[in-house]
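Novice: Just add 4 to wherever you are in the sequence shown, counting from 1, and you've got this note's numbering.
Idealized CB from N, CA, C, for every residue including glycine.
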Amino acid sequence: MGMDRKTRITELLGIKYPVIQGGMAWVAEYHLAAAVSEAGGFGIIGAGGAPAEFVREQIRKCRELTQKPFGVNVMLMNPEAEAIAQVAAEEKVCAVTTGAGNPGRYMAMWKEAGVKVIPVVASVAMAKLMERGGADAVVAEGTESGGHIGSATTFTLVPQVADAVTIPVIAAGGIGDGRGMAAAFMLGADAVQLGTRFVVAKESVVHENYKKKILAAKDIDSQVTGMSHGHPVRQLRNHMTREYLKLEKSGASFEELEQLTLGALRKAVVEGDVVNGTLMAGQIAGLIKKEQTCEDIILAMMEECGKLLEN
Ligand code: TUI
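1. How should Val344 be labelled, buried or exposed, when 16 other C-beta atoms within 10 angstroms of its C-beta is the threshold for buried?
2. According to DSSP, is Ala188 part of a helix, a strand, or is it coil?
3. Do Thr158 and Gly178 have their C-beta atoms within less than 9 angstroms of each other?
4. Pick out whichever of Phe189, Arg183, Thr160 has its Cα sitting closest to the Cα of Pro172.
5. Nearest-angstrom Cα distance between Asn106 and Glu262?
6. What does the Cβ neighbour count give for Gly44, buried or exposed, with the cut at 16 atoms within 10 Å?
7. Roughly how far, in whole angstroms, is the beta-carbon of Met79 from the beta-carbon of Ala112, given that I think they are within contact range, below 8 angstroms?
8. Take the Cβ of Leu283 as the centre, count every other Cβ of all protein chains shown within 10 Å, and call the residue buried at 16 or more, exposed below.
9. Which residue comes first and which comes last in the alpha helix (DSSP H) that contains Ile299?
10. For Val143, tell me which candidate among Ile122, Arg67, Arg109 has the shortest Cα-Cα distance.
11. Excluding the 5 residues flanking Ile13 on each side, which residues of the same chain have their C-beta closer than 7 angstroms to its C-beta?
12. Within its chain, find whatever has a CB closer than 6 angstroms to the CB of Gln2; leave out the 5 residues flanking it on each side and keep chain order.
13. By Cβ distance, which residues of its chain are closer than 7 angstroms to Glu148, with the 5 residues on each side in sequence left out?
14. How should His35 be labelled, buried or exposed, when 16 other C-beta atoms within 10 angstroms of its C-beta is the threshold for buried?
15. Please determine if the segment 286-305 and the segment 198-208 are in contact, where contact requires at least 3 C-beta pairs separated by less than 8 angstroms.
16. Taking the straight line between their C-alpha atoms, what separation do you get for Val40 and Gly47?
17. Relative to the C-alpha of Thr245, which residue among Ser257, Ser232, Lys253, Gln227 is closest?
18. Could you tell me the distance, in whole angstroms, from the CA atom of Ala129 to the CA atom of Ala304?
19. From this set, Leu269, Glu33, Gly281, Gly230, which residue's C-alpha is nearest Ser257's C-alpha?
20. Apart from the five residues on each side of it in sequence, which residues of its chain come closer than 6 angstroms, Cβ to Cβ, to Ala89?
21. Less than 8 angstroms separating the Cβ of Gly150 from some heavy atom of the ligand TUI?
22. Is it the case that the CB of His233 approaches a heavy atom of the ligand TUI more closely than 8 angstroms?
23. Would the beta-carbon of Leu264 be found less than 8 angstroms away from any heavy atom of the ligand TUI?
24. Which runs of the alpha helix (DSSP H), 4 residues or longer, sit entirely within the segment 209-296?
25. Below 9 angstroms between beta carbons: does that hold for Glu260 and Leu251?
26. Any heavy atom of the ligand TUI within a distance shorter than 8 angstroms of the CB on Thr245?
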């Protein structure tokens, strides 16, 4: 079977399949990361808003479950980002991905520790800046993604980033199966990053209520909140998004809105509160119909993608 697909990313990270798991806050804890890496992809622990020492424990627990390489995602809006960046360097994780900001000030420290640096970008300008700063690869993330998003679509962003940089590009946003993966390769990507499909993985600790919402979602069931204060977040439409958007329309302040969001992701992931919780998910949620193991997800994608690219 021609299922293996060697790319610059599988070489860079020392993995079998060019499938990266998104660094989702609360969702991407060590069980999920270890399962993705064990299956031959690249698992990532999402530090989100967690304290640095909690992230260190997650890294150590992940190492007990797998010998294979995995990474850490540093969410740069976290006030603890600096301490987490340091933990990633001290623990010498294989790679760090970053989100929601410019990781420039940590790059030298990571490179010195031998940690590969893979910033998530939402524009060509940011991709070029990251390459100049020494990034080993970039994730080009389209607006189809769940969570904090930029405005360019994956279909337009990936080929433009691939043309603008010489480092490898990982496509993210709206990819949920082998067709999306094959398309990403056609657009110039060397790998894909998946979030939403791994939220409903068997090994994902996300509350069953949240998983059910993703499995039941249709194509147009996500909404973007926070556009007015420059922090757009894609999530499934529910009581929370309706209340948020009502307040946003009435000109509520950023602080007032933050109060509403505060802890809402945890509420959804941990407590299964699908009414007042934030159900971050990408636009591809409508395609995802069943809960599968990480291994089944990756193997099915590789097989479908392989068949398409042979034709
Ligand atoms: O970071 C993400 N997705 C996220 S982070 C997150 S946690 C959160 N929770 C509640 C409210 C808000 C966030 C949930 N989802 N994706 C990576 C990503 N990075 N998308 C877009 C960007 C980005 C945007 C601007 C990267 C760099 C950038 O540069 C701005 C600058 O500093 O010039």
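Specialist: For this structure:
1. This structure does not reach residue 344, given that the chain is present from 5 up to 315, and the question cannot be answered.
2. helix
3. yes
4. Phe189
5. 22 angstroms
6. buried
7. Actually they are not in contact, since the Cβ atoms of Met79 and Ala112 sit about 20 angstroms apart, beyond 8 angstroms.
8. Classification of Leu283: buried, given that the 10 Å Cβ count is 16 or more.
9. It should be pointed out that residue 299 corresponds to Glu in this sequence rather than to Ile. Residues 298-314.
10. Ile122
11. Once the five neighbours on either side are set aside, the close Cβ partners of Ile13 are Pro22, Ala141, Pro172, Ile174, Asp194, Ala195.
12. Since the displayed the chain opens at 5 and closes at 315, residue 2 lies outside it and no answer follows.
13. Thr157, Thr158, Gly177, Gly178, Gly286, Gln287, Ile288
14. buried
15. yes
16. 5 angstroms
17. Gln227
18. 35 angstroms
19. Gly230
20. Val78, Tyr110
21. yes
22. no
23. no
24. Those alpha helix (DSSP H) runs which fall completely within the segment 209-296 and span 4+ residues are 212-220, 243-253, 258-265.
25. yes
26. no
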